[in-house]
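Only one structure is covered here, and it is reproduced in the block below.
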Amino acid sequence: MHRTRSVLATGVVLGLGLGFSSVADARTGDPLREGVRNGTTTKETQIISNIGGYSTRQSNKSTTGGGAIYGCRSTSASSRPCVRANNLSTGRAFEFRTTGLLAGIITVGSGGDSTKPFTTNATGVATGLNADRVDSLSASDIVAASRSKTNLDADTVDGLNSTQLRTRWVLVNAAGEIEAQSGGFSIVVAYPAGTPAAPNVYIQSGDDLTDNGITATIAPQNQTNQGGNTQTGNDTAPDQNLEFSGEISATRCQIPGVVECGPAGAKNLSSFVVSPRLSDGQPTDADTRKRFYVQITG
754 MHRTRSVLAT GVVLGLGLGF SSVADARTGD PLREGVRNGT TTKETQIISN
804 IGGYSTRQSN KSTTGGGAIY GCRSTSASSR PCVRANNLST GRAFEFRTTG
854 LLAGIITVGS GGDSTKPFTT NATGVATGLN ADRVDSLSAS DIVAASRSKT
904 NLDADTVDGL NSTQLRTRWV LVNAAGEIEA QSGGFSIVVA YPAGTPAAPN
954 VYIQSGDDLT DNGITATIAP QNQTNQGGNT QTGNDTAPDQ NLEFSGEISA
1004 TRCQIPGVVE CGPAGAKNLS SFVVSPRLSD GQPTDADTRK RFYVQITG
């Protein structure tokens, strides 16, 4: 009687998910042997029941674990899986439960962005598992943490405030005076007579320009007649539209081996020089000075 119970119990245990295996040299339908490897079956083994509990149960009382193991040789996405739980009604298809801190592990190939732990056609939010939690923080926790950081807000990026990130600009008129600006600029000296720097305008930016870009552009001034004609901006003769045309260049001061600014007040890393010229490259004079914009970026 004891032997009969052992055989039947073993049959129930091995039957779940795998299908029974017959003794290698036995006929299909022969009993299974416990404690040894049974032969390879050639047909599906089924356990069909109609009871109020589970059809079969597998349990290992050893503290080393190991309730059941299922293996197969499925080779493609269209092949059958090693384990399939199919509820033909509307209840749950599976349930995992543990009293430990880790319920399980899903390992897919060697990992990486090209592998997926699972797919689902369900688009609802899974309780306790959704995009509102990152590294144990909810969306509200992340927002609160970011707000609590010193100098970390929408007005600050990498330690720079919005004023520092904004493109700065200055508009200088033909007299070498600041006509308008975004802020922080001042004239060091404009067209210093009797010096090699006479064709230039030197401007203080108020900030270190070591890693900044400087762009200068001639600005039209059609209410000033510099060509001595009545066709301001529309004269067809060469080099007569002095109010609209010319050349201009700009650079930061004090670049070793490249740029040395002459005026004492411009010998620093926050000053720059602008050199407006006529279209032929000649320096301007008091009657042909250029109005120009300068933009500081970076």
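The numbering used here puts the sequence shown at residues 754 to 1051. Idealized CB from N, CA, C, for every residue including glycine.
query: Can you give the Cα-Cα distance for residue 922 and residue 873, rounded to whole angstroms?
result: 55 angstroms
- prompt: Which residues mark the beginning and the end of the beta strand (DSSP E) in which residue 1025 is found?
  reply: Its beta strand (DSSP E) spans residues 1024-1030.
field: Proximity below 8 angstroms, CB of residue 970 to CB of residue 1050
entry: Not in contact: residue 970 and residue 1050 (Cβ atoms no closer than 8 angstroms).
- prompt: I think residue 813 touches residue 806, with their Cβ atoms under 8 angstroms apart; what is that distance to the nearest whole Å?
  reply: About 19 angstroms separates the two Cβ atoms, so there is no contact after all.
- prompt: Can you pull the DSSP bridge partners for residue 1000?
  reply: 1030
- request: On the DSSP bridge assignment, give the partners of residue 924 in chain order.
  value: 933, 1046
C-alpha gap between residue 869 and residue 847, whole angstroms: Using only the alpha carbons, I get a separation of about 20 angstroms.
field: Spatial distance of residue 865 from residue 871 (CA atoms)
entry: 14 angstroms
query: Leaving out five residues before and five after residue 770 in sequence, what residues of the same chain have Cβ atoms less than 6 angstroms from its Cβ?
result: Any reading at residue 770 must be qualified, since the residue scores a pLDDT of 41, below 50, and its modelled position is unreliable; no value is offered.
- prompt: What does a CB cutoff of less than 7 angstroms around residue 833 pick up in its chain, not counting 5 residues either side in sequence?
  reply: For residue 833, where only same-chain residues beyond five positions count, the Cβ hits under 7 angstroms are 827.
- request: Have a look at residue 1001 and residue 1037 and give me their C-alpha separation to the nearest angstrom.
  value: When rounded, the distance between both Cα atoms is 11 angstroms.
- prompt: Where does residue 1043 land, buried or exposed, given buried means 16+ other C-beta within 10 angstroms?
  reply: Buried.
- request: Find the nearest neighbour of residue 1031 within the set 1024, 1019, 1025, 1045, judged by alpha-carbon distance.
  value: 1045
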